[in-house]
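The sequence shown maps to residues 195 to 265 in my numbering.
For every residue, glycine included, the Cβ atom is placed at its ideal position computed from N, Cα and C.
Only one structure is covered here, and it is reproduced in the block below.
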Amino acid sequence: MTGELVQCPFNPSHAVKRIRFPIHITKCRQNHPHVDLVPCPYNAMHWIPQRQLADHLANCRDNFELAASDS
Ligand SMILES: [Zn+2]
Ligand SMILES: [Zn+2]
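Below, the structure is given as structure tokens:
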């Protein structure tokens, strides 16, 4: 049992255990200051290029405001 691995958005060669993702991201972000990614407010696993953020928020499946207005 190795746990679920997710790909690091800052360096695709990093495979990170989901449970360690927030810790890894905090460190890795400092190591990649040129990578312009921002966290999705609806899901901390989503890291999106700044210029695509509005697009992502409009389509994010974890956007509860979007889900609430879906009725
Ligand atoms: Zn990383
Ligand atoms: Zn999202």
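Can you tell me whether residue i is helix, strand or coil according to DSSP?
i    : result
A238 : coil
Could you give the first and the last residue of the continuous alpha helix (DSSP H) run that contains residue i?
i    : result
P216 : F215 to N225
H228 : Unbroken run through H228: none, as it is neither H nor E.
D249 : L247 to N253
What first and last residue would you give for the beta strand (DSSP E) that runs through residue i?
i    : result
Q201 : L199 to Q201
To which residues does DSSP link residue i through a beta bridge?
i    : result
A168 : The shown model of the chain, from 195 to 265, leaves out residue 168, and the question about it has no answer.
Item to check | Nearest-residue set for ligand 2, Cβ under 6 Å from any heavy atom | outcome: C234, Y236, N237, H240, H250, C254 and D256
Checklist entry - For ligand 1, which residues count as neighbours when the test is a C-beta closer than 6 Å to any heavy atom? => result C202, F204, N205, H208, H218 and C222
Checklist entry - Is there contact between the stretch 232 to 241 and the stretch 255 to 262, where contact requires at least three CB pairs shorter than 8 Å? => result yes
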